[in-house]
Structure formats: C-alpha cells, structure tokens
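Read top to bottom, the protein sequences are chains A and B.
With numbering that gives the first Met the number 0 as the guide, the letters of the first sequence map in order to residues 0 to 236.
With numbering that gives the first Met the number 0 as the guide, the letters of the second sequence map in order to residues 0 to 236.
There are 2 protein chains.
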Amino acid sequence: MDKSLYACDSCQHKLCAGRVSLFTSLDTDQLLQVIKLIVHKEYKKGELLLFEGEVRNDLVIVNKGQVKAFRNTIDGREQILYIFSEGDFFGEKNLLRDQPSNYAVEALEETHVCIIHKNDFQKLVKEYPDIGLKVMEVLCQRLDRLENAVETMGTRTVGARVSSVLLEFADKFGKQSPQGIIIDLPLSREGIANYIGLTRETVSRKMSSMQDQGLIEMIGNKKVLLLNRTALEKSIE
Amino acid sequence: MDKSLYACDSCQHKLCAGRVSLFTSLDTDQLLQVIKLIVHKEYKKGELLLFEGEVRNDLVIVNKGQVKAFRNTIDGREQILYIFSEGDFFGEKNLLRDQPSNYAVEALEETHVCIIHKNDFQKLVKEYPDIGLKVMEVLCQRLDRLENAVETMGTRTVGARVSSVLLEFADKFGKQSPQGIIIDLPLSREGIANYIGLTRETVSRKMSSMQDQGLIEMIGNKKVLLLNRTALEKSIE
DNA sequence: CATAATCTGTGACCGGGTTCACGATTTAAA
DNA sequence: TTTAAATCGTGAACCCGGTCACAGATTATG
Chain A
0 MDKSLYACDS CQHKLCAGRV SLFTSLDTDQ LLQVIKLIVH KEYKKGELLL
50 FEGEVRNDLV IVNKGQVKAF RNTIDGREQI LYIFSEGDFF GEKNLLRDQP
100 SNYAVEALEE THVCIIHKND FQKLVKEYPD IGLKVMEVLC QRLDRLENAV
150 ETMGTRTVGA RVSSVLLEFA DKFGKQSPQG IIIDLPLSRE GIANYIGLTR
200 ETVSRKMSSM QDQGLIEMIG NKKVLLLNRT ALEKSIE
Chain B
0 MDKSLYACDS CQHKLCAGRV SLFTSLDTDQ LLQVIKLIVH KEYKKGELLL
50 FEGEVRNDLV IVNKGQVKAF RNTIDGREQI LYIFSEGDFF GEKNLLRDQP
100 SNYAVEALEE THVCIIHKND FQKLVKEYPD IGLKVMEVLC QRLDRLENAV
150 ETMGTRTVGA RVSSVLLEFA DKFGKQSPQG IIIDLPLSRE GIANYIGLTR
200 ETVSRKMSSM QDQGLIEMIG NKKVLLLNRT ALEKSIE
C-alpha cells in the first residue's frame, strides 16, 4: 500500500494514526477502527497542551509539530524534560491511574495532536497486545534517555553537557548534508540551557568556542552544522 | 493465609516470590508455578550483580538486601541512578530485546535475588496480564523518579539537592519515631554525592549546616534523624 | 575488645559558571 | 520591506563548589 496514504496532510485525517509507531502493527481496517476513537486538536506556538499538575484521562499523540515538556523548578528555573515530536506521545501514566501530570507541555510551533481516551486505549491494548508492548518499549527508551540525562547533568565539564545535547539532537533532528549533519534546533539557546541545567550565557559561550575549534558551525540561531561528529564525541571524554 | 508464609526466611524459598509486588495478583497455586521458574542467588557486599554493558536475558528481583545501579562517567565520576531494595527488580529491558545494560549493579550489603528467564517471564505475562501492567506501573514510577532527579540535578543551590535526597530516602527508608523520621541511609556521604552529582565534601558541609539549623540530626554515619520535615521541604524553596 | 581500615569533617585556595549589563544580530510581524 | 520584538554574544566581577590535605570519628574485623 502506498505509504503516502497514511500522511495526515494528504488524507484529511483519515489514516493519520497509521503514521504513529504505536499503531504500526495494525492493518488498514484496524486503523480505521482506531481512528473512530480519536479526537483531533491543533495548537499554536506557545499554547499549553497540558498544565503541570493537571489530571487528565487521555493519551496525546503528536501528529505534526513539536512540543516541550517542562517543570517550573523551585529555584525559579524552567527544567525541560522532553521534546516530543511527530509520533511521540504523552499521558501514558493516565492509562494506569489518574495522576496529576509531572510536567507542563507547550507547543514549540504549530502542532496537531490525536487524543484518545484512556478507556478506549485500554480496550485497544487488550484487543491488540502489540500496542501494549510498543508502549512498554517507548517507556524503556524514555528511561534510557533520562538515565543519560542524569549522567550528563552530573557531569562537571560544560563541554560534555553541550556536546551531548548536540549529539542527541543530531540523532533526532539532524539531516545528513555534504558538509556534515545539519541540525534544526528545536530550542533556543535559553531552551538548550534549560534542558541541561546551565545558563543561556554559558551555552552561548561554549557553542562559540566549539565553532572556533571547528567542531560546529552556527547557521543563524536555529540551525547548527555538525562538521565533525567523531571529534565532538571525543571532546566529551 | 498467614502472610509470614511468604517470607523467604521462614519458608526456605518456597513462596518468596509472593513478597514481590509483581506477583501480588497471583494466588498460592499460581505462585508455586512461578517459583519453579526462579533461580536464587546470593551476593556479598561489594559484589557485582551486573556489569555495565553486559547483555543478559533475565529479570532480577531483589528479595533481601540493597543494591545500587550506577555508571562510570566519562569524567571519572560514578553516577548512581537507582537504589533497588526488597521487591524492586532490574533487567526489564531484556524482556523486549537483548540490549546491553546501561548500568552496573553492586550489592550494598548481603543481598538475595530471584532470577527469572526472559522467556519464562514473557510466558507469565501472557498468562497473567496483570503482571505486565505491574511492570508498566513500575516503569512509570521509575520515570517519575528520574524526572525528579533531572530537576534536582539542574538545581543550582546545593541545599535543594541535599534536601531532596533526604526527603526521598525518608519516604523509602524512613521510620517514624517520637522525635521525627529516622532514615537508615543506604549510601555513604560519598554515595549520596554520587547520587546527586556533588562531591563528598560539599554533601558533608551541607549536612553539617543543616544540623546546625536544627533541621536534621546525624546519628553516626549511617542514620539521620529528620527533625522537621516541613521545614526541610520549605528549605528547598 | 582492640586494632585496622574506612569514612567523615573542615580549613584554605582556586577556578569556572553565574550574574549583571548592554550592544548586536536575528526573527517575526505589520 | 520596514519595524518591533525576541534572541544572542560577550565582557567584567563575584561567588560558590571543587580540589587538596589532614586530623578525627566511625565502622568493620579478627
């Protein structure tokens, strides 16, 4: 089957659920069944999809765009925990019990989501156990990422912290180009700082020095060209 | 049924699996079935249960004792990620795919574990779906803890970091007493430092100053009396 | 119970990251 | 395209936590 059929844009939301890895094990008929359960919603840049402490009973799947999940810390900072983009979901804890959210979620750009009610999703999981396994797999990936994050934030050297973000973003948002990997940064300098527990100024200075060393090249504020990935990896050590 | 029957000590390993929350939904007959699949193993203080990067295909359940899960970081530190004690398990990622471990696991004291093979556990999950849900629930709790940890490690003030560990340990290892909550610390000062990304000296100094302020009282090196929990919580802000 | 091994507390110094400030650049909006 | 708003880069001073060193306390061991 033509994969483009699954694209949200070309199908007017008919098979958009098919793009989400949670549902890759389903065939078209099953997908149609799923889509009946889904509510669509759109958010503009800066809008909140979820408040910190809010209690909800549904699962939200990002279909287009990007959001950040963050907490306002006791010392007045903003700690960003996750960047969710196409195919990612949040609210999985709601599947088990009604708990207030650990974090707020804000759109970083125009964002479209699919929302599915807890009860419906639970039924889906019972009918198609593969979906439950997928959820578990994603949770494990998220644990991996946070375990890395804890290590990174415990690191004393700033260079290692900044390098590790750039490498993480390169894997998730980078595109290969003749000169190297071009990263579309999902966050501003301040956002990056809030992701790794530093200040905007420190991130700025470090990226400048990395550019001087020929490791990266900044293209405007929202793109970075990774000139030498292996050198950057080594610079962590 | 007398719950003491489930205790590992009093039953010579006959129903020890019943103590583990993973299996609380099973009745005695089912438990007996599970126990046939389990291999027991014991470790002395300081022994490694799992090496960083090791690939295994089983799930390890702590039945008695305590272990720490940690990584050796690129800048020579040791970053402790988890303290696992009675009823906790690790190796859950092995259920999905054969992946090298993100961390090493070392016994903090004499520790007894139950080991169950991946294939057997997967069968169990299929037969008793509640077990799978329990696993998911534990994974979500672990995410909660790491999300908190990331926030804590991003915090600039040392006081907030130390307070948050003490509060976490109070919840997990504390016992109410007339004077306050007595915490049996699972880690040395250095261990605590490696848990929150500081140095031993800094932790030492901060705990001394907390004692001077009348917030805590140190009893030897391995116990702490939490005199004023709410004051400590506020001291974070 | 004694002794060794380990862990802990604290002072002094140093360095790197934060803070504050402000001009320059980039991006978004009209 | 122009203008306004947001973001970014960088210098200077300060301050807090790391590092090093060592004595004292605690815990483990025989």
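Just so you know, even glycine gets a beta-carbon here, dropped at the ideal spot from N, CA and C.
Beta carbon proximity, residue i to chain B, threshold 7 angstroms
i: Met-209 of chain A; result: no
i: Lys-174 of chain A; result: no
i: Gly-196 of chain A; result: yes
i: Thr-156 of chain A; result: yes
i: Leu-186 of chain A; result: no
i: Gly-153 of chain A; result: yes
i: Asn-101 of chain A; result: yes
i: Leu-95 of chain A; result: yes
i: Lys-205 of chain A; result: no
Below-7 angstroms beta-carbon distance, residue i vs any chain A residue
i: Val-149 of chain B; result: yes
i: Asp-57 of chain B; result: no
i: Gln-11 of chain B; result: Because Gln-11 of chain B carries a pLDDT of 49, less than 50, the predicted location of this residue cannot be relied on, and the following value inherits that uncertainty. Chain A, which has no Cβ nearer than 7 angstroms to the Cβ of Gln-11 of chain B, makes this no.
i: Lys-35 of chain B; result: no
i: Leu-145 of chain B; result: yes
i: Ile-182 of chain B; result: no
i: Lys-171 of chain B; result: no
i: Ile-191 of chain B; result: no
i: Lys-233 of chain B; result: no
i: Lys-92 of chain B; result: yes
Backbone secondary structure at residue i - three-state DSSP
i: Thr-110 of chain B; result: strand
i: Leu-94 of chain A; result: helix
i: Asp-1 of chain A; result: The predicted model places Asp-1 of chain A with a pLDDT of 38, which falls under 50 and marks its position as unreliable; any figure quoted below should be read in that light. Looking at Asp-1 of chain A - three-state DSSP - the assignment turns out to be coil, as it is neither helix nor strand.
i: Lys-222 of chain A; result: strand
i: Leu-231 of chain B; result: helix
Local Cβ density within 10 Å of residue i, reported as buried at 16 or more and exposed below that
i: Leu-214 of chain A; result: buried
i: Lys-35 of chain B; result: exposed
i: Arg-160 of chain B; result: buried
i: Thr-229 of chain B; result: exposed
i: Gly-17 of chain A; result: buried
i: Gly-196 of chain B; result: buried
i: Glu-109 of chain B; result: exposed
i: Glu-126 of chain A; result: exposed
i: Leu-47 of chain A; result: exposed
i: Pro-177 of chain A; result: exposed
i: Ile-151 of chain B; result: According to the sequence shown, residue 151 of chain B is Thr rather than Ile. Buried.
i: Asn-71 of chain B; result: exposed
i: Thr-27 of chain B; result: exposed
i: Val-112 of chain B; result: buried
i: Ser-100 of chain B; result: buried
i: Ser-163 of chain B; result: buried
i: Thr-156 of chain B; result: exposed
i: Asn-56 of chain B; result: exposed
i: Asn-220 of chain A; result: exposed
i: Phe-69 of chain B; result: buried
i: Ile-237 of chain B; result: The question about residue 237 of chain B has no answer here: the residues shown for chain B are numbered 0 through 236.
Jot down the residue ranges of each uninterrupted beta strand (DSSP E) in the segment 161 to 213 of chain A, minimum 3 residues, whole runs only, in chain order.
List check, beta strand (DSSP E) in window: 173 to 176, 179 to 183.
Report the residue ranges of all beta strand (DSSP E) runs contained in full by the segment 22 to 92 of chain A; include only those spanning at least 3 residues, in chain order.
Taken in chain order, the complete beta strand (DSSP E) segments of 3 residues or longer contained in the segment 22 to 92 of chain A are 37 to 42, 47 to 49, 57 to 63, 65 to 71, 77 to 84.
Suppose only complete runs of 4+ residues qualify. What are the alpha helix (DSSP H) ranges in the segment 109 to 163 of chain B, listed by chain order?
Taken in chain order, the whole alpha helix (DSSP H) runs of length 4 or more contained in the segment 109 to 163 of chain B are 117 to 126, 128 to 153.
Within 9 angstroms of chain B by C-beta, residues of the segment 108 to 140 of chain A in sequence order:
If the cut-off is 9 angstroms between Cβ atoms, the segment 108 to 140 of chain A has Lys-125, Pro-128, Gly-131, Leu-132, Val-134, Met-135, Glu-136, Leu-138, Cys-139 near chain B.
Contact residues within the segment 208 to 229 of chain B, judged by C-beta distance below 8 angstroms to chain A
Those residues of the segment 208 to 229 of chain B that come within reach of chain A (Cβ to Cβ, closer than 8 angstroms) do not exist; the list is empty.
Using a Cβ-Cβ cut-off of less than 8 angstroms, list which residues of the segment 49 to 81 of chain A approach chain B; keep chain order.
Contact annotation: in the segment 49 to 81 of chain A, residues whose CB is within less than 8 angstroms of a CB in chain B are Arg-70, Thr-72, Ile-73, Asp-74, Arg-76, Gln-78, Leu-80.
Listed from N- to C-terminal order along the chain, which residues in the segment 20 to 35 of chain B have their beta-carbon within a distance smaller than 9 angstroms of any beta-carbon of chain A?
Answer set for the segment 20 to 35 of chain B: empty.
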